[in-house]
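In terms of my numbering, the sequence shown opens at residue 280 and continues consecutively.
For glycine and all other residues, C-beta sits at the position ideal for the given N, C-alpha and C.
Values in this document were obtained by computation on a predicted structure and should not be read as measured data.
Okay, so here's the structure we're looking at.
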Amino acid sequence: MPYTSPVADFRFLLDQVLGYGNLAKTETFAEAGADVTEAILSELGRLCDQVMAPLNRDGDLHPARLENGVVRTSPGFKQGYRAIAEGGWLGISADPEFGGMGLPQTLNTAMNEMMSGACLALQLCPLLSQGQI
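Here it is, written out as structure tokens:
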């Protein structure tokens with residue numbers, strides 16, 4: 280069964296449960312309005328559904344291995360990580376002064392959850408980077 284990102288569930292949680300819209304009323308997160316949040320969730324869902332989730336099965340069938348002192352990752356993981364990095368997802372809540380998007384940690388948490396559901400083995404790489412930012 281293919282993975283489908285729970286974008287609608289996150290929209291509901293952010294809008295109806297958490298009152299996320301109030302963050303856009305603050306000076307710090309004025310840029311994180313409904314249109315930006317919708318774009319982030321939609322693009323994140325596309326990345327998870329089309330890029331990350333298909334890697335799950337290949338990762339199980341062809342796991343990472345150590346070969347002559349060199350780590351070989353599962354097929355597609357290099358390209359998947361590149362898509363994550365090039366999309367700016369590594370620094371979604373990092374300070375823009377240092378190349379981040381400066382979005383609320385709430386969106387970072389939604390991103391981590393969706394990516395974990397799509398392909399946990401690949402998502403652990405950007406999760407480690409977040410701890411360093």
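- For Leu-345, the enclosing beta strand (DSSP E) covers residues 344-346.
- Excluding sequence positions up to five before and after Met-380, its CB lies within less than 8 Å of the CB of Gly-367, Gly-370, Ile-371, Ser-372 and Ala-373, all in the same chain and listed in chain order.
- In the pairwise beta carbon analysis, the segment 292-306 is classified as not touching the segment 395-409: fewer than three pairs are separated by under 8 Å.
- Inter-residue distance for Ser-321 and Arg-344 is about 34 Å (C-alpha atoms, whole angstroms).
- By the 16-neighbour rule on beta-carbons within 10 angstroms, Gln-384 is exposed.
- Looking only at Lys-304, Leu-326 and Phe-356, the smallest Cα-Cα distance to Met-390 is reached by Leu-326.
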